[in-house]
Structure formats: C-alpha cells, structure tokens
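Enquirer: Here it is: the structure, laid out below.
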Amino acid sequence: MTTPLLELRALAGGYEPVQIFQNVSLTMSADTSIGLFGPNGHGKTTLLRTVSGIIDPWRGDILFQGEQMNRPGERGSRRFRNFNYDAVTRRRMNPKRVARAGLIHVPQGNLLFPEMTVEETLSVAPAASAGRARPKDMLEQVHTLFPRVHERRHHKIRFLSGGERQMVAIGAGLMAAPKLLILDEPTLGLSPKLRHELSAAIRTIKSSGVPLIVVDQDVEFLQSLIDTLYLFDHGSISRKIEQAEMPSHAEIMAMLFGEHPA
Amino acid sequence: MSADTLLFVITGGLVLGALYALMATGLAVVWTTLGIFNFAHGAFIAAGAYIAWQISSAEASGLGYAAGALGSVVGMFFVGVACYALLVKPFERQPNLVLLSVITTLAGASVLESGIDILWGSRSKQLPRIVDGDVSLAGVTISANEAVLMVFVLVILTVLGLFLRRAPAGRAMRAVAQNRESAQLMGLDVPRLYAIAFGLSAALAAFAGVFVGSIRFMTPTMGSDPLMKALIVVIFGGVARFTSPIFAAFIVGLIEAFATFYAGLYWAPAVLFAIMIVVLIIKPEGLFGKYQRTVQ
C-alpha cells in the first residue's frame with residue numbers, strides 16, 4: 002500500500018483554554034481532492050490552522066507523506082491560567098517545516114502583505130518550494146492562470162479588490178510548488194461572476210495534478226471539484242461522502258440540521 | 488543673524504539629523520517588524536561605542552578605528568540577537584506583548600548600562616576621530632570628521648533601504664512585519680527573521696554609538712538622550728515608509744540646532760516636545776502617516 006498524502010489521527014486542538022475540535026481522523030491519497038463542508042464557527046478553519054502548524058495540536062498525529070509533522074504525544078497540562086507556558090514548553094509544530102514539505106495553506110480572507118506589491122509578494126512565496134520548481138516557471142503558470150495578477154503586478158496589495166487579492170493569495174500558494182494545497186473558503190465574499198472565474202481557475206489547478214483540500218459553502222462547486230466530501234460540525238467529522246453518492250444541497254442541510262419541518 | 492552663523496547652525500543640525508536618522512531607523516526596523524519599541528536601543532548605542540573603544544583605543548587593544556567599528560557592529564548584531572532571545576521571544580505569543588516588552592527591554596537597558604559601568608568604569612572615554620582637519624564646500628567649512636560621518640550615515644541607510652526592498656531576506660522581513668501568519672504559511676522562518684531584525688537594529692545602534700563616541704564623550708548612559716530623540720523622530724515622522732523617519736530625523740535635528748541657538752541648550756528639548764505635540768494634534772499619525780499594520 003502506498004503511503005497516504007495526508008493522514009490525521011484522532012486530532013484535537015483549539016485555542017487556549019477552549020478546545021475547538023476533537024477526534025478528527027482522515028486519510029487522503031495523492032490522487033484525490035477532498036472538501037470540508039459545515040456550518041460557520043464549528044472549527045473547520047481552526048482544524049486547518051492546526052494542520053498547517055499555525056497553532057499546536059492538543060492530541061493526535063499529523064502525517065504528511067508518511068512523515069510525522071507534530072511532536073507526538075499529548076500536550077502537557079496547562080492548569081495555571083496565569084503561567085507563561087510558552088516560555089517553558091517547546092512548540093509542537095513548525096509551520097516552516099510543514100510549508101517546505103509542500104503542504105501549502107491559503108488561509109481564509111487572506112490579507113497578505115498590504116504594503117508590498119503583487120510582484121514582491123510572489124517573489125517571497127517560493128520560500129516554501131524548497132527547490133521543487135523554478136520560480137520563473139511557477140510565475141509563468143500563475144500569470145497564465147490569473148491574467149489579472151499579471152496586469153496588477155506593480156500595485157500594492159492593499160489597493161487590490163477582494164477577488165484580485167484572493168487570486169494573488171492562491172497564486173502565492175502555487176509559487177510554492179505545493180504537493181497539497183489547502184484553500185479555506187476561496188470564494189468567500191466574492192461576486193457571482195468572480196466566483197465563477199475563480200472556481201474555473203481552481204478546477205484548472207486541480208486538473209494540473211495538485212491535490213486540494215477545499216472548504217466552501219457552495220456544495221455544487223465542491224461537487225464539481227472533489228472526490229470525497231467530509232461533513233464537519235460540532236468540532237468533528239460527522240460524515241464522509243464519496244463522489245458517487247453526493248447528495249444535493251438540501252439533503253446535506255438535512256443531515257447537518259435535521260429534517261425541515263413540513 | 489549673519490549668514491555664517493546660519494550656515495553653522497544648519498550644518499550642526501544636519502549632523503545631528505544624520506545621527507538621529509541612524510538611531511531612529513534602527514528603532515523603526517524593530518518597531519515595524521515586531522511591533523514593539525525596543526527601549527534597550529540606547530544601551531545598544533553605548534555598548535557599541537564601548538566595544539569599539541575596547542578594540543580601537545590605544546589604551547586597550549589598539550587595533551585602529553576601522554577594526555573597532557567593524558568589531559562593534561558585528562558584535563552588537565549578536566548582542567541584539569541574544570537580547571531578542573532573552574527579552575522578547577519568551578513573550579511572543581502573549582496578547583500583551585507590547586506592554587511586557589516595554590518592561591523587559593527597559594530591564595535589558597538597565598542591565599547593559601550597569602554591565603558597561605562594571606566592565607569599563609564610569610570615567611568618560613572618547614573614540615578617536617575618523618579623520619582630522621576641516622573640509623570646505625561652497626563656502627561652508629565643517630570638520631572633516633562630521634562630513635565623513637554624514638556620508639557614512641547616508642551610505643548605510645541607502646544600503647539598508649536597498650536590502651529591505653530588493654534582497655530576498657529583506658523582502659521576507661517586510662512580509663513578516665505586515666502579516667506574520669501569511670508569512671509563516673509561506674514557509675518563511677519567522678523566529679529567525681525576527682532575530683535578524685533585532686540584530687540589524689542593534690548593528691545600526693553600534694554604528695550610531697561609534698559615530699557619537701567620536702564626537703562626544705562616552706558614558707554608560709550616553710544612549711538615553713539619543714534614544715529619546717529617536718523616539719521623538721519615530722513618533723513625529725511616523726514609519727509609513729522607510730524614508731519617513733529619516734526625513735523626520737533631519738527636521739528634528741534642525742529644530743534642535745535652532746532651538747539650542749535661540750533658546751539655549753536647556754530649552755531645546757522643551758521646544759522639541761512642544762513642536763511634536765502640536766504636530767501630533769494636527770496629524771496624529773505623524774508627519775508622513777503611520778505604517779499600515781494589518782489586523783491579523
């Protein structure tokens with residue numbers, strides 16, 4: 002059996018002192034893409050932030066290409082509220098190591114670097130590529146995928162529209178030559194036209210062979226993109242749905258919130 | 488006032504401005520990258536001057552001015568990195584980092600100053616001048632030492648500006664400053680870049696110390712007055728661009744020179760503060776606007 006691309010084993014985590022998600026286990030292979038769907042405020046973003054190492058997991062394991070990304074074991078007790086545990090404990094994750102291994106996370110509502118130009122931003126991004134690809138080739142790919150990014154390359158990020166910023170964010174993700182690209186609500190707050198444009202671009206990225214983990218509120222969009230859908234509510238995966246038996250939006254709503262009273 | 492006196496005051500102000508620009512830029516590098524004010528910056532200036540004295544002075548190692556300056560800058564880079572590791576890093580993930588770092592850097596300043604006092608004693612020392620004699624340009628005569636100093640400051644600041652704008656490490660530092668989390672997700676080594684920013688700031692302080700030490704007497708607390716002026720510069724000018732504290736530094740230097748001439752040495756800081764307060768009432772973000780820090 003080949004090693005899975007990403008494997009989460011009984012992962013739990015949150016923000017001190019509140020635990021946000023628990024017992025999340027999933028396995029994905031390198032030739033699939035998965036989607037996460039669930040109500041707002043139930044921990045999808047926190048889970049992804051843990052996977053990419055921004056915050057430390059409390060329990061469980063994160064394996065990327067068979068390699069353990071977190072220091073194994075359970076995090077120590079943090080009983081004393083006023084004690085600076087950061088001074089005496091080591092971090093359990095290293096976001097730099099995760100990114101350089103090829104797990105690239107494009108966060109939700111990414112603000113990027115407001116005072117830097119698009120070009121400068123894209124020139125910083127290959128830091129995580131660890132020599133997997135030539136920055137020049139990647140830049141060309143980003144420019145073909147998002148002509149807008151090329152047009153706006155001398156503008157500062159803070160003068161870009163939300164859609165353009167999202168394009169730069171995804172472009173910066175691609176510059177790192179990802180082996181797995183996590184997109185957290187890439188179409189959040191965009192107009193239908195831009196959303197259409199962006200989802201087409203994301204489909205192109207997928208067909209170029211980059212596995213994706215996508216969080217989105219649009220089930221139809223997810224259906225067209227992914228092989229497995231995980232329903233996520235109350236801080237854990239409540240259901241795994243394969244592409245073949247993909248239900249409609251209404252059915253999913255019924256699974257999450259119960260049947261609509263007649 | 489005669490034209491000669493006017494030129495004399497202006498050149499004095501420009502020399503002060505160049506020194507303040509160096510110090511304020513050092514402060515601004517840490518302020519824009521880590522979001523904290525480093526109150527140990529004044530002590531860094533003193534420590535830089537004393538290290539340079541130890542290496543260069545005939546009474547100590549006697550290796551000459553250039554060796555002293557180089558040793559001091561390199562040495563202070565590592566002192567800066569150590570100070571970051573001890574004074575700031577343990578609190579990095581605390582929500583009240585800004586307040587905590589005020590106290591820890593003040594403590595660091597006090598420890599450094601006392602350390603200098605113990606090591607070198609409180610007797611005033613002076614670094615040798617870089618060059619002796621005077622230079623004349625377009626009818627203005629200033630000491631060659633001050634002229635060389637100003638040229639050095641401009642070169643150092645230009646190199647630093649180019650580094651931040653063009654070099655990958657400089658761009659990465661700006662990226663980390665503007666959005667730490669995105670920078671982390673892009674695989675940038677945030678703790679290392681923070682350490683570099685602190686080290687760079689301390690190296691700039693060492694340059695400032697080496698220059699101040701050659702025009703004034705050195706004492707363990709020689710950095711506290713320049714630190715206060717550098718704070719005024721950073722608040723007065725804002726840090727919207729790399730160049731804003733530099734312009735502000737020259738404005739502050741000139742104001743100080745004129746205030747000293749007209750109102751006397753003791754009134755100069757009062758005049759400076761009064762002008763700063765008026766400016767802040769009208770433009771609360773400083774003369775050139777504030778750096779746009781992101782919400783996250």
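These protein sequences, in sequence, are chains A and B. Here the first sequence stands for residues 2 to 263, where the numbers follow our numbering. Here the second sequence stands for residues 488 to 783, where the numbers follow our numbering. No residue lacks a Cβ here, since even glycine has one placed at the ideal position from N, Cα and C.
1. Can you give the beta carbon distance from R166 (chain A) to E116 (chain A), rounded, assuming they're within the 8 Å contact cut?
2. Between N583 (chain B) and chain A, is any beta-carbon pair separated by less than 8 Å?
3. Give me, in chain order, the residues of the same chain whose beta-carbon lies closer than 7 Å to that of A128 (chain A); leave out the 5 immediate sequence neighbours on both sides.
4. Between the C-alpha atoms of L624 (chain B) and Q613 (chain B), what's the straight-line distance to the nearest angstrom?
5. To which residues of the same chain is A713 (chain B) closer than 8 Å at the C-beta, ignoring the five residues directly before and after it?
6. Run through the stretch 748-776 of chain B for me and flag every whole alpha helix (DSSP H) of 4 or more residues, listed as ranges in chain order.
7. Please report the distance separating the alpha-carbon of D491 (chain B) from that of L647 (chain B).
8. Would you kindly work out how many angstroms separate the C-alpha atoms of G15 (chain A) and A202 (chain A), rounded to a whole number?
9. DSSP state of Q20 (chain A), grouped into three classes?
10. Pull up the DSSP beta-bridge partners for G14 (chain A), would you.
11. From the beta carbon of Q779 (chain B), is the nearest beta carbon of chain A less than 8 Å away?
12. Measuring only the C-alpha atoms, how far is L521 (chain B) from Y681 (chain B)?
13. Return no unless some Cβ of chain A is closer than 8 Å to the Cβ of S588 (chain B).
14. Tell me which same chain residues have a C-beta within less than 6 Å of the C-beta of A693 (chain B), skipping the five on either side of it?
15. Using a Cβ-Cβ cut-off of less than 7 Å, give me the residues of the stretch 121-132 of chain A that come near chain B, in sequence order.
16. Buried or exposed for Y571 (chain B), please, with buried defined as at least 16 other CB atoms from any protein chain shown within 10 angstroms of its CB.
17. For L675 (chain B), would you say it is in contact with chain A, using Cβ-to-Cβ distances shorter than 8 Å as the test?
18. In the DSSP assignment, the alpha helix (DSSP H) including K241 (chain A) goes from what residue to what residue?
19. With distance defined between alpha-carbon atoms, name the residue in A:Q20, A:S124 and A:L6 nearest to M29 (chain A).
20. Quick test of your reading: T205 (chain A) and L161 (chain A), contact by CB under 8 Å. State the CB separation rounded to the nearest angstrom.
21. Would you verify that the beta carbon of E772 (chain B) is, or is not, closer than 8 Å to some beta carbon of chain A?
22. Do you know offhand how far L493 (chain B)'s Cα is from G725 (chain B)'s?
23. Determine the DSSP secondary structure at S53 (chain A), reduced to helix, strand or coil.
24. Figure out for me which residue from A:R91, A:Q69 and A:L113 has the closest Cα to the Cα of R76 (chain A).
25. What span of residues does the alpha helix (DSSP H) with F723 (chain B) cover, start to end?
26. Between F114 (chain A) and chain B, is the shortest Cβ-Cβ distance under 8 Å, so that the two count as touching?
27. To test your reading of the DSSP string, which unbroken alpha helix (DSSP H) runs of 4 or more residues are found completely within the stretch 646-670 of chain B?
28. Helix, strand or coil for L7 (chain A), going by three-state DSSP, please let me know.
Expert: Per the coordinate set shown:
1. At roughly 14 Å, the Cβ-Cβ gap does not stay under 8 Å, so R166 (chain A) and E116 (chain A) are not in contact.
2. Chain A, which has no Cβ nearer than 8 Å to the Cβ of N583 (chain B), makes this no.
3. Here the set comprises nothing.
4. Those two C-alpha atoms are separated by around 28 Å.
5. The question names Ala, but residue 713 (chain B) is Pro in the sequence shown. L506, Y507, M510, G529, I532, A695 and V699, listed in sequence order.
6. The qualifying runs are 755-769.
7. Cα to Cα, D491 (chain B) sits roughly 35 Å from L647 (chain B).
8. Between G15 (chain A) and A202 (chain A), the C-alpha separation is close to 32 Å.
9. Residue state, collapsed to three classes: strand.
10. Beta-bridge partners assigned by DSSP to G14 (chain A): A:F22 and A:P58.
11. Interpretation of Q779 (chain B) is limited by its pLDDT of 48, a score under 50 that renders its predicted location unreliable; the figure taken from the coordinates is listed afterwards. True, the Cβ-Cβ gap to chain A drops below 8 Å.
12. Using only the alpha carbons, I get a separation of about 7 Å.
13. For S588 (chain B), no CB of chain A lies under 8 Å from its own CB, so it is not counted at the interface with that chain.
14. For A693 (chain B), where only same-chain residues beyond five positions count, the Cβ hits under 6 Å are G535, S559, V560 and M563.
15. For the stretch 121-132 of chain A, which is checked against every Cβ of chain B, the residues closer than 7 Å are E121, S124, V125, A126, A128 and A129.
16. Using a 10 angstroms sphere on the CB of Y571 (chain B), the tally of other CB atoms reaches 16 or more, which defines it as buried.
17. Judged by the 8 Å Cβ criterion, L675 (chain B) is in contact with chain A.
18. Where K241 (chain A) is concerned, there is no enclosing alpha helix (DSSP H), although the beta strand (DSSP E) it sits in stretches over S237 to E243.
19. Selected option, being the one with the closest Cα: A:L6.
20. With 8 Å as the limit, T205 (chain A) and L161 (chain A) do not qualify as a contact, their Cβ atoms being about 21 Å apart.
21. Taking Cβ atoms only, chain A never reaches closer than 8 Å to E772 (chain B), which makes this a no.
22. Roughly 28 Å separates the two Cα atoms.
23. Three-state result, S53 (chain A): coil.
24. The shortest C-alpha separation from R76 (chain A) is found at A:R91.
25. S711 to G724 is the extent of the alpha helix (DSSP H) around F723 (chain B).
26. So, interface residue.
27. Counting whole runs of 4 or more residues, the stretch 646-670 of chain B contains the alpha helix (DSSP H) stretches 655-665.
28. Strand, per DSSP.
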